[in-house]
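Engineer:
Number of protein chains: 2
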Amino acid sequence: MLREKPRSGCAINAALEVLGDPWTLIVLRDVIFGGRRHFRDLQLRNEEGIASNILAGRLRKLVETGLLTRDDATRGQKAAYTLTEAGIQTLPVMAALGAWGVQHRPTTPELAVRARILAEGSPELVDDLMDELRETHLGIARENPKSPSVSERMRQAYEAVRSRESQAG
Amino acid sequence: MLREKPRSGCAINAALEVLGDPWTLIVLRDVIFGGRRHFRDLQLRNEEGIASNILAGRLRKLVETGLLTRDDATRGQKAAYTLTEAGIQTLPVMAALGAWGVQHRPTTPELAVRARILAEGSPELVDDLMDELRETHLGIARENPKSPSVSERMRQAYEAVRSRESQAG
DNA sequence: GAAAGGTGCTTGCGAAATGCAATCGGACGA
DNA sequence: TCGTCCGATTGCATTTCGCAAGCACCTTTC
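Structure, rendered in structure tokens:
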């Protein structure tokens, strides 16, 4: 799944060797924005319909490359995946991808609203969300917790678009 | 190569369906940072050793999705690829990926220097480089051309690291 | 004006990854 | 102890990757 030797020493290539496939960032997105930390949750609630073997492979790769950790639970137990600092720091990549996607590809309003919030509020908003993730996943308390939190603002914006859509449609 | 229907309406997914594979962003990187606009140039000078069929497929896909245009030259003639506005706007994604790669993956100093310059000078520097690309590829003159240009600064930084390296042995 | 070399690709083929459905062994609750 | 949930694994058909070779067309050279 992951090459032993990098194709080159370029930083962009180095990032792509870990993140550059059609599924890795999707899984990471669900952990970061969806707050999902269990296998079943990541599979069944995934928008794109990821297959279980693909998900299993990606989770293994993400743990290998140090973007996630997995608490050691034996087979059959509820295992939780946790973001590492390296995983949290993929957030600017997500924000940039989302901003590009909203502008240049077709998207649905409900799902695009998060990307728009991140793109318009960046970069302070991205930093705030990273701090939130550090608190949730790494147990590092925030210095200046803001209210409402970024994730709460995103959830509210998502609901607002949904209700507006359902009235219109 | 490209799906007809998106897997979902999510902006991040939409971006990944175009950019989320191991080669597309590598090709785009060589066009943006390497200034390469011809097939042979993109193939033979590529750091990662891209195969010609892979390159041909990616160039076709990039034209289809509107990130590049190709001047209509028949087979055997020198065809040039040109960035579109959508292609130019992948630069923030590149910068974010490069910044992550430098911090979290092994890289060589010569090739990482570009990513470091972009990460430290962002976001004004990224905007300047996008304006340079608009001038080179779209023929849109810059309002306030700075000297030295961003690409020139990058080239100089690359050379500086190289000579430092060769002295050190 | 024929030969040599450069242009952007295409083809063939073995290896690997993807995508889908079914299944599995352990833990847990009743 | 039975049924259900858990995180996966297995089998298999299809697609993509990655490498080497070749191809059609153009330009340059002598």
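Top line first, the protein sequences correspond to chains A and B.
Here the first sequence stands for residues 1 to 169, numbered as in full-length UniProt numbering.
Here the second sequence stands for residues 1 to 169, numbered as in full-length UniProt numbering.
Beta carbons are placed, not taken as given, at the ideal position from N, Cα and C, and that holds for glycine.
Owing to the predicted nature of the structure, the values given are computational and were not obtained by experimental measurement.
Which residues bound the alpha helix (DSSP H) around Leu-67/A?
Structural biologist: Locating residue 67/A in the first sequence gives position 67, counting from the first residue. Taken as a continuous stretch (DSSP letters only), Leu-67/A belongs to no alpha helix (DSSP H), as it is neither H nor E.
Engineer: Strictly under 9 angstroms for the Cβ-Cβ distance: is His-104/B near chain A by that measure?
Structural biologist: Sequence index remark: in the second sequence, residue 104/B carries index 104 (1-based). Taking Cβ atoms only, chain A reaches closer than 9 angstroms to His-104/B, which makes this a yes.
Engineer: Use the C-beta contact count for Gly-169/A: other C-beta atoms within 10 angstroms, 16 or more gives buried, fewer gives exposed.
Structural biologist: Within the first sequence, numbered from 1, the residue matching residue 169/A stands at position 169. With a pLDDT of 46 at Gly-169/A, under the threshold of 50, the modelled position of that residue is not reliable, and the figure given next carries that caveat. Exposed, because fewer than 16 other Cβ atoms sit within 10 Å of the Cβ of Gly-169/A.
Engineer: In the DSSP assignment, what are the bridge partners of Thr-82/A?
Structural biologist: By 1-based counting over the first sequence, the position of residue 82/A is 82. Answer is Thr-69/A.
Engineer: With 16 other CB atoms within 10 Å as the buried threshold, where does Ala-90/A fall?
Structural biologist: Within the first sequence, the letter at position 90 stands for residue 90/A. What sits at residue 90/A in the sequence shown is Thr, not Ala. Buried, by the Cβ-count rule.
Engineer: Let me see if you follow: with CB-CB separation under 9 angstroms, is Glu-17/A close to chain B or not?
Structural biologist: Reading the first sequence from its first residue, position 17 is the one you call residue 17/A. Yes - at least one Cβ of chain B is within 9 angstroms of the one on Glu-17/A.
Engineer: Compile a chain-ordered list of the residues in the stretch 16-43 of chain B whose CB is closer than 9 angstroms to at least one CB of chain A.
Structural biologist: Answer in chain order: Leu-16, Glu-17, Val-18, Leu-19, Gly-20, Asp-21, Pro-22, Trp-23, Thr-24, Leu-25, Ile-26, Arg-29 and Phe-33.
Engineer: Check the C-beta distance from Arg-45/A over to Arg-58/A and give it rounded, since I have them as a contact under 8 angstroms.
Structural biologist: Indexing the first sequence from 1 puts residue 45/A at position 45. Indexing the first sequence from 1 puts residue 58/A at position 58. Not confirmed; about 16 angstroms, so no contact.
Engineer: Using alpha carbons as the reference points, say which of Glu-132/B, Cys-10/B, Glu-124/B and Val-102/B lies closest to Arg-114/B.
Structural biologist: Taking the first residue of the second sequence as position 1, residue 114/B is located at position 114. The candidate whose alpha carbon is nearest that of Arg-114/B is Val-102/B.
Engineer: What does Ala-160/B touch in chain A if you count any residue whose Cβ is under 8 angstroms from its own?
Structural biologist: On the second sequence, residue 160/B is found 160 positions in, with the first residue counted as 1. What Ala-160/B touches in chain A: nothing, since even the nearest Cβ is about 17 angstroms away.
Engineer: Quick one: using the 10 Å Cβ neighbour count with 16 as the cut-off for buried, is Thr-65/A buried or exposed?
Structural biologist: Against the first sequence, residue 65/A aligns to sequence position 65. Counting Cβ neighbours within 10 Å, Thr-65/A comes out buried, since at least 16 surround it.
Engineer: I'd like the ranges of any alpha helix (DSSP H) spanning at least 4 consecutive residues and lying wholly in the stretch 87-135 of chain B.
Structural biologist: Entirely contained in the stretch 87-135 of chain B, the alpha helix (DSSP H) runs reaching 4 residues are, in chain order, 91-104 and 109-121.
Engineer: Judging by CA-CA distance, which residue of Ala-15/A, Leu-55/A, Gly-87/A and Lys-78/A is the nearest neighbour of Thr-69/A?
Structural biologist: Position 69 of the first sequence, counted from the first residue, corresponds to residue 69/A. Comparing Cα-Cα distances from Thr-69/A to each of Ala-15/A, Leu-55/A, Gly-87/A and Lys-78/A, the minimum goes to Gly-87/A.
Engineer: When the Cβ atoms of the stretch 106-126 of chain B are set against those of the stretch 104-111 of chain A, are three or more pairs found closer than 8 angstroms?
Structural biologist: With a cut-off of 8 angstroms, the stretch 104-111 of chain A and the stretch 106-126 of chain B do not count as touching, because too few Cβ pairs lie within range.
Engineer: Contact between the stretch 16-23 of chain B and the stretch 22-42 of chain A: three or more CB pairs below 8 angstroms?
Structural biologist: Contact holds: three or more Cβ-Cβ distances are below 8 angstroms.
Engineer: To which residues of the same chain is Tyr-81/B closer than 6 angstroms at the C-beta, ignoring the five residues directly before and after it?
Structural biologist: Against the second sequence, residue 81/B aligns to sequence position 81. Here the set comprises Arg-37, Leu-68 and Arg-70.
Engineer: Tell me the DSSP secondary structure of Asn-13/A in three-state form.
Structural biologist: Numbered from 1 along the first sequence, position 13 holds the residue referred to as residue 13/A. Correct three-state label for Asn-13/A: helix.
Engineer: At the 9 angstroms Cβ level, is Pro-145/B part of the contact set with chain A, yes or no?
Structural biologist: The sequence position of residue 145/B within the second sequence is 145, counting from 1. It does not; no Cβ of chain A falls within 9 angstroms.
Engineer: Assuming His-137/A and Leu-55/A make a contact with CB atoms under 8 angstroms, what is their CB distance in whole Å?
Structural biologist: Taking the first sequence and counting its residues from 1, one reaches residue 137/A at position 137. Taking the first sequence and counting its residues from 1, one reaches residue 55/A at position 55. Actually they do not touch by this definition, with Cβ atoms about 19 angstroms apart.
Engineer: Any heavy atom of the ligand FAD within a distance shorter than 8 angstroms of the CB on Gly-34/B?
Structural biologist: Only the bare structure without any ligand can be found here, which leaves the ligand FAD out of the picture.
Engineer: Is Gly-98/A near Ala-119/A, with beta carbons less than 9 angstroms apart?
Structural biologist: The residue labelled residue 98/A in the question sits at position 98 within the first sequence. The residue labelled residue 119/A in the question sits at position 119 within the first sequence. Closer than 9 angstroms, so yes.
Engineer: Using the beta-carbon count (16 or more within 10 Å), is Asp-30/B buried or exposed?
Structural biologist: Here the question's residue 30/B lines up with position 30 in the second sequence. The residue is buried, with at least 16 neighbouring Cβ atoms inside 10 Å.
Engineer: Does any C-beta atom of chain B lie closer than 9 angstroms to the C-beta of Leu-111/A?
Structural biologist: As a first step, residue 111/A must be located in the first sequence, where it is residue number 111. Yes, contact with chain B.
Engineer: Anything in chain B within Cβ reach of Ala-96/A, meaning under 7 angstroms, just list it in chain order.
Structural biologist: The count along the first sequence starts at 1 and reaches residue 96/A at position 96. Chain B residues near Ala-96/A: Pro-92, Val-93 and Ala-96.
Engineer: Where do the ends of the alpha helix (DSSP H) carrying Thr-24/B lie?
Structural biologist: Residue numbering aside, residue 24/B sits at position 24 when the second sequence is read from its first letter. Segment 24-32, the alpha helix (DSSP H) holding Thr-24/B.
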